[in-house]
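Residues in the sequence shown are numbered consecutively from 32, following our numbering. Notes to accompany the following structure.
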Amino acid sequence: MSKRPRPFGRGDPVPWFDASMAENPRFSLSMLGGHWVVLVFLGRLDLPESRRFVEQFGGAELEPREDIFRCAVTMSPNDAKDPQVIRAFPHGRVIGDARAELATTYRVATVADGKAEFVPRWYLLDPSLRVYANGKLDQVGDLITALRQLPAPDQHFGPDVEPWAPVLLVPRVLEPALCRDLITWHQRGHPVASGFMVTEGGATVLRADTTVKRRRDVTIDEPNLRAAVRRRIRSRIAPEIAKAFRFEATQIERDIVCCYSDEEGGFFRSHRDDTSPGTAHRRFAVTINLNPGEYEGGELRFPEYGARLYSPPLGGAVVFSCALLHEVLPVTSGRRYASVPFLYDDAAARQRSGFVKSPSS
C-alpha cells in the first residue's frame, strides 16, 4: 500500500483545476479568487462518515452569503442526485471524480493497483485560494463554526490590514498630447466588440459574450502612432518592470486603443490573461489610462487582494502579472479610453511561436 501524503495545511496554496458541474460545465477553481471556498471530498455516500457529513452540513443553519462557494467532489455520479447532497451543496455544485484523480491531487486519496484508498476530508480556502482550515468529515462542526465566523473576503488578511495587490504603478508613460491622439484614433476608427480567449478542445479560440465583457477596440495600424506608443513602453515601462520584478520585457503584443462606455455599461468580469495555450506566453498586462477625470467607474480590481481599486493617472500605467485575477468595474458615466498591451520576453516568444506552429493549435 502506498504511503498516504500529508493533506495541505493552513496557508498552503492548492492546485487549480477545471471540471464540469451542473451549474457550470466549464467550472474553473482559479476564477473563484475573492471568494471563500468550501471544497469537500466525500468519496462516496455509502461511506458512513460521508453520509453523516451531508446530513449535518446540510442541516446547519448558515447565513446565505454570496461570497462563500460550497462545492462537493464525489466518486459516484449518483451522489449528485441525492436530496441531502443537494441541500448541502445547492445549485448543482457537485463534481464527479470517478477515478479519484482530483482526490489524489488534493492528498485525500492514494491509488495503487487501480484501487483508491480514500480518507474523506474538507478544505476551506481563503479568497487567495490558500488553505484557511481543513479537517476530516467527522469534524464537520469545526467547518460550520469557521463558516459562521468568516470575515468579508477583503478582510481575511486581518482586521487592521489594508491589503494591496502586487502591481506596479508607472506615471508619465505617455504625454497628454499622445493620449489625445490615441483617443482621436479610436473615435475616427471603426470600433469592434472585444472578445476574450478560451480553450476548447485543446485549442485557443476567440469568444464574445456581453455578460463577461463589454468593450470596443480599434487597432493602431498607423506605423508612426504605433511606433510612438511602443517606444515609450520600451523606454519607460520595461525598465521599471526590470527593477521591480527582475524581468526583461522585450516583446509587445497587441496595439489597440480600447473604450469602455457608459452606453454599454462597459466592464470586464474577473479573469486571468494567461490561462489558455495560446495566451500562456503572456507575462505582464499593462493598462495605460488615456483620459482620467472624464468618466466614472472603470477601475481595476484584484479580487484575491482585497477591495482596493486601481486607476492610473493621465498617461500613467498599471502593470501586473497576467496570472493575477482581475476585473474592470462597470463604467457608469462617460467613456474610459486605454491602451492595453501585453509584455513578455524572448523565451516566451519562442513558446508562443511553438504554439502557433503546432498542428494541434
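Ideal Cβ placement from N, Cα and C applies to all residues, glycine included.
Quiz item: When we look at the beta-carbon of P182 and count the other beta-carbons within 10 Å, is it buried (16 or more) or exposed?
Solution: The count along the sequence shown starts at 1 and reaches residue 182 at position 151. Exposed: under 16 other Cβ atoms inside 10 Å.
Practice problem: Sort L133, R245, V139 by Cα distance to F39 and report the nearest one. | Solution: Mapped onto the sequence shown, residue 39 falls at position 8. Cα-wise, what sits closest to F39 is V139.
Quiz prompt | Contact belief for R339 with A164 at Cβ below 8 Å, rounded distance in angstroms | solution = For the purposes of this step, residue 339 is identified with residue 308 of the sequence shown, where counting begins at 1. For the purposes of this step, residue 164 is identified with residue 133 of the sequence shown, where counting begins at 1. In this structure R339 does not touch A164 by the C-beta definition: roughly 25 Å separates them, more than the 8 Å allowed.
Quiz item: On the three-state DSSP scale, how would you describe P334?
Solution: For the purposes of this step, residue 334 is taken as the residue at position 303 of the sequence shown. DSSP places P334 in helix when its eight states are reduced to three.
Practice problem: Could you pull the start and end residues of the alpha helix (DSSP H) that N255 belongs to? | Solution: Taking the first residue of the sequence shown as position 1, residue 255 is located at position 224. Per DSSP, N255 belongs to the alpha helix (DSSP H) from 254-263.
Self-check item: For G127 and T105, believed in contact at Cβ under 8 Å, the rounded distance
Solution: To locate residue 105, count along the sequence shown from 1; it is residue 74. To locate residue 127, count along the sequence shown from 1; it is residue 96. Contact between T105 and G127 holds, since their C-beta atoms are separated by about 7 Å, short of 8 Å.
Quiz item: With a Cβ-Cβ cutoff of 8 Å, do L73 and A103 count as a contact?
Solution: On the sequence shown, residue 73 is found 42 positions in, with the first residue counted as 1. On the sequence shown, residue 103 is found 72 positions in, with the first residue counted as 1. Yes, the pair counts as a contact, with Cβ atoms nearer than the cut-off.
Quiz item: Taking one C-beta from the region 365-379 and one from the region 221-232 each time, how about it: are there three or more such pairs within less than 8 Å?
Solution: Touching, no, given that fewer than three Cβ pairs across the two stretches are closer than 8 Å.
Self-check item: First through last residue of the beta strand (DSSP E) which encompasses K396
Solution: Outside the displayed range of the chain (32 to 392) lies residue 396, so it cannot be described from this structure.
Quiz item: Distance, Cα to Cα, V236 vs H66?
Solution: In the sequence shown, residue 236 corresponds to position 205, counting from 1. In the sequence shown, residue 66 corresponds to position 35, counting from 1. Near 28 Å, if we compare the C-alpha coordinates of H66 and V236.
Quiz item: By Cβ distance, which residues of its chain are closer than 7 Å to T310, with the 5 residues on each side in sequence left out?
Solution: By 1-based counting over the sequence shown, the position of residue 310 is 279. Here T310 has M228, T235, D304 as same chain residues with Cβ atoms under 7 Å from its own Cβ, once five neighbours each way along the sequence are excluded.
Quiz item: With burial defined as no fewer than 16 other Cβ atoms inside 10 Å of the residue's Cβ, what is the status of L93: buried or exposed?
Solution: Working through the sequence shown from its first residue, we reach residue 93 at position 62. By the neighbour-count rule (16 or more Cβ atoms within 10 Å), L93 is not buried but exposed.
Quiz prompt | Neighbourhood of P56 by C-beta, 6 Å cutoff - its chain only, sequence neighbours within 5 removed | solution = On the sequence shown, position 25 is the one that residue 56 refers to. The beta carbon of P56 lies closer than 6 Å to none in the same chain, with the five residues before and after it left out.
Quiz prompt | Buried or exposed (CB count within 10 angstroms, at least 16 for buried), S266 | solution = Taking the sequence shown and counting its residues from 1, one reaches residue 266 at position 235. When all chains shown are included, S266 counts as exposed.
Quiz item: So what's V116 in DSSP terms, helix, strand or just coil?
Solution: As a position in the sequence shown, residue 116 is number 85, starting the count at 1. Helix, per DSSP.
Practice problem: Inspect the CB distances between the region 327-334 and the region 205-219 and report whether three or more fall short of 8 Å. | Solution: With a cut-off of 8 Å, the region 205-219 and the region 327-334 do not count as touching, because too few Cβ pairs lie within range.
Practice problem: Can you have a look at G324 and say buried or exposed, based on whether 16 or more other CB atoms are within 10 angstroms of its CB? | Solution: On the sequence shown, residue 324 is found 293 positions in, with the first residue counted as 1. Counting Cβ neighbours within 10 Å, G324 comes out exposed, since fewer than 16 surround it.
Quiz item: Around the C-beta of N255, are 16 or more other C-beta atoms found within 10 angstroms, so that it is buried, or is it exposed?
Solution: Position 224 of the sequence shown holds residue 255. So N255 counts as exposed.
Self-check item: Neighbourhood of P184 by C-beta, 7 Å cutoff - its chain only, sequence neighbours within 5 removed
Solution: Your numbering for residue 184 matches position 153 in the sequence shown. The residues are G65, H66, W67, D98, P158.
Exercise. Put I99 into one of helix, strand or coil per three-state DSSP.
Key: Within the sequence shown, numbered from 1, the residue matching residue 99 stands at position 68. Residue state, collapsed to three classes: strand.
Quiz item: Does the beta-carbon distance from L178 to R152 come in below 8 Å?
Solution: The sequence position of residue 178 within the sequence shown is 147, counting from 1. The sequence position of residue 152 within the sequence shown is 121, counting from 1. No, Cβ-Cβ distance for L178 and R152 is not below 8 Å.
Quiz item: Secondary structure at P372, three-state DSSP: helix, strand or coil?
Solution: Residue mapping note: residue 372 aligns to position 341 of the sequence shown, counting from 1. Note: P372 maps to coil in three-state DSSP.
Quiz item: Who pairs with M228 in a beta bridge, going by DSSP?
Solution: Here the question's residue 228 lines up with position 197 in the sequence shown. DSSP, once it has assigned bridges, lists L237 as partnering M228.
Quiz item: From G347 to P194, what does the alpha carbon distance come to, in whole angstroms?
Solution: Residue mapping note: residue 347 aligns to position 316 of the sequence shown, counting from 1. Residue mapping note: residue 194 aligns to position 163 of the sequence shown, counting from 1. So the alpha carbons of these two residues sit roughly 22 Å apart.
Quiz item: Does the Cβ of R246 have 16 or more other Cβ atoms within 10 Å, making it buried, or fewer, making it exposed?
Solution: Within the sequence shown, numbered from 1, the residue matching residue 246 stands at position 215. By the neighbour-count rule (16 or more Cβ atoms within 10 Å), R246 is buried.
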